[in-house]
Every structure is written in structure tokens, then in C-alpha cells.
Amino acid sequence: MKKKISFYAYHFCICLSFLVLPYLLSSQTSIIRIPDILHNGHDRTYFSVYVGLLLFFYVNYYYFIPKLYFFK
Numbered sequence: 019m020k021k022k023i024s025f026y027a028y029h030f031c032i033c034l035s036f037l038v039l040p041y042l043l044s045s046q047t048s049i050i051r052i053p054d055i056l057h058n059g060h061d062r063t064y065f066s067v068y069v070g071l072l073l074f075f076y077v078n079y080y081y082f083i084p085k086l087y088f089f090k
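In the working numbering, the protein residues as written are 19 to 90.
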């Protein structure tokens, strides 16, 4: 059980760091700023694109690759 929790915690931390990358690497005056996803179109675009990339990765990794590559 502890191994499963650490597995999910590891994936959660990696996904969270992947979602924070555009805000850390942006050319804003402050390095760390709280994203305003509801009112700023650029933040919504960054967030939705990165969530889409994460969904694409996990759907491929857990569904399509095992189904298409490791078939009997």
C-alpha cells in the first residue's frame, strides 16, 4: 500500500511540476506569480495545452501502447 501511495505521489509531483513550467519560464517581472486561469486567456491556453499533453501521454502509456504493442 505504501508503495502505491508513493507511486501516485511521484506522478502527482511530476505532473504538477510540468504544469508549472510555463509560469516559471515566462518573461514576467516576478519569477513566481499565481496564475489567473479564470480571467487571463494566456494562462487558460497554457494550462489547457499542458493538461492535454499530460492526458495524451497517460492515455498512450496506459491504454494504446499496451493494447497495440503487447497484443497476443
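Where a beta carbon is used, it is the ideal one built from N, C-alpha and C, also for glycine.
Just how far apart, CA to CA, sit residue i and residue j?
i: TYR26; j: TYR87; result: 25 Å
i: LEU73; j: PRO84; result: 16 Å
i: SER44; j: TYR80; result: 32 Å
i: ILE23; j: HIS29; result: 10 Å
i: VAL67; j: LEU34; result: 14 Å
i: CYS31; j: GLY59; result: 25 Å
Quick check: residue i and residue j, are their CB atoms within less than 9 Å of each other?
i: TYR41; j: TYR76; result: no
i: LEU71; j: ARG62; result: no
i: VAL69; j: LEU37; result: yes
Span of the alpha helix (DSSP H) holding residue i?
i: LEU71; result: 59-77
i: ILE83; result: 83-87
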